[in-house]
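Take a look at the structure below.
This is the structure:
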């Protein structure tokens with residue numbers, strides 16, 4: 002989608018992080034926005050920020066795990082703005098805790114938000130795009146959707162599925178006038194680091210105590226935050242990729258190097274996965290450099 006000005010955009014998960022940054026950046030591009038989130042208070046703040054930029058914006062509470070919520074959003078969008086030119090499926094959650102500690106309901110919750118929400122969204126909005134032969138769908142996945150980075154397991158599973166779905170839609174829709182992009186963020190400073198649920202085994206609690214375990218996870222979050230790119234900076238890269246109609250949109254070359262390693266030498270790739278298991282912010286860079294993976298900006 003080369004031209005964004007005066008076009009209409011729907012963003013899910015817009016109350017914080019990448020979604021908020023998309024809303025502000027696209028408002029500056031002159032787009033009309035319809036933003037949604039389950040966090041109504043945060044959503045209202047973002048709406049006010051967008052209005053201060055002079056853009057037209059509407060907001061709706063949306064639990065993306067519910068198909069009927071998307072139906073309500075679609076009705077509101079079409080009545081207020083007309084057709085959806087740019088659809089950004091951004092909402093996501095994470096639950097970590099290891100295979101033994103995760104309940105089936107944990108898996109269902111993550112898959113409902115991260116995967117089924119995108120299925121619902123595309124079921125509702127793509128048919129109308131096809132009727133007019135234009136539109137652009139952007140699904141926000143993760144670098145964890147390209148290689149199995151150990152944790153969180155349900156999150157990784159959902160993001161691999163989003164990548165596969167996006168590729169399949171791209172192949173089916175490209176010649177019908179619909180562009181599809183999948184964004185694969187690396188480490189971005191967003192609220193997901195602080196809102197993720199971490200399930201701790203009873204044995205760990207007994208052996209180490211909650212206070213010590215919380216400290217370890219706090220240090221992990223702090224380390225990842227220091228490594229991470231700001232969501233505003235990342236979104237500027239993503240918008241450039243959208244304007245180029247790219248299928249894959251990266252913010253860092255490391256993922257390209259990991260994909261290259263995977264295709265070039267499966268044995269070394271397997272070694273990388275094993276070494277990456279249990280890594281932390283301190284030695285992550287050492288492992289990347291050992292396997293020729295460059296941490297450089299992309300796009």
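Residue numbers (our numbering): 2 to 300.
We put the CB at the ideal spot given by N, CA and C, even for glycine.
Please report the distance separating the alpha-carbon of residue i from that of residue j.
i, j, result
"residue 4", "residue 244", "7 Å"
"residue 258", "residue 77", "43 Å"
"residue 28", "residue 16", "15 Å"
"residue 56", "residue 21", "14 Å"
"residue 112", "residue 277", "24 Å"
"residue 131", "residue 239", "24 Å"
"residue 200", "residue 104", "Confidence in residue 200 is poor, its pLDDT being 48 and thus under 50, which makes the residue's placement too unreliable to answer from."
"residue 155", "residue 165", "16 Å"
"residue 292", "residue 109", "35 Å"
"residue 99", "residue 256", "24 Å"
"residue 41", "residue 18", "15 Å"
"residue 289", "residue 275", "12 Å"
"residue 13", "residue 25", "14 Å"
"residue 62", "residue 37", "6 Å"
"residue 236", "residue 23", "6 Å"
"residue 9", "residue 79", "10 Å"
"residue 267", "residue 273", "10 Å"
"residue 162", "residue 141", "11 Å"
"residue 168", "residue 254", "20 Å"
"residue 287", "residue 295", "11 Å"
"residue 85", "residue 128", "11 Å"
"residue 47", "residue 297", "30 Å"
"residue 83", "residue 174", "21 Å"
Beta carbon of residue i: closer than 6 Å to some heavy atom of the ligand COA?
i, result
"residue 68", "Questions concerning the ligand COA fall outside what the structure shown contains, since it holds no ligand whatsoever."
Using CA atoms only, rank isn't needed, just tell me which of the options is closest to residue i.
i, options, result
"residue 138", "122, 144 and 148", "122"
"residue 39", "67, 33 and 25", "67"
"residue 182", "82, 171 and 189", "171"
"residue 7", "25, 24, 30 and 14", "30"
"residue 374", "189, 94 and 136", "Any property of residue 374 remains undetermined from this structure, which presents the chain solely from 2 to 300."
"residue 43", "165, 60 and 157", "60"
"residue 144", "291, 157 and 10", "157"
"residue 188", "146, 32 and 162", "146"
"residue 11", "273, 125 and 186", "125"
"residue 366", "45, 287, 65 and 186", "The structure shown has nothing for residue 366, since the chain only spans 2 to 300."
"residue 176", "65, 135 and 297", "135"
"residue 32", "179, 2 and 46", "2"
"residue 69", "153, 247, 265 and 120", "120"
"residue 91", "102, 97 and 64", "64"
"residue 248", "180, 45 and 46", "180"
Taking the DSSP output, what are the residues bridged to residue i?
i, result
"residue 23", "Residue 23 pairs with nothing; no bridge assigned."
"residue 252", "According to DSSP, which records beta bridges pairwise, residue 252 is partnered with nothing at all."
"residue 38", "62"
"residue 11", "35 and 88"
"residue 232", "The partner list for residue 232 (beta bridge, DSSP) is empty, contrary to what the question assumes."
"residue 182", "139"
"residue 189", "230"
Minimum length 4: unbroken alpha helix (DSSP H) runs contained in the segment 43-92: 68-81
Sequence ranges, beta strand (DSSP E) only - wholly within the segment 119-175, length at least 3: 136-141
Sufficient close CB pairs (3 or more, under 8 Å) joining the segment 248-264 to the segment 44-53: no
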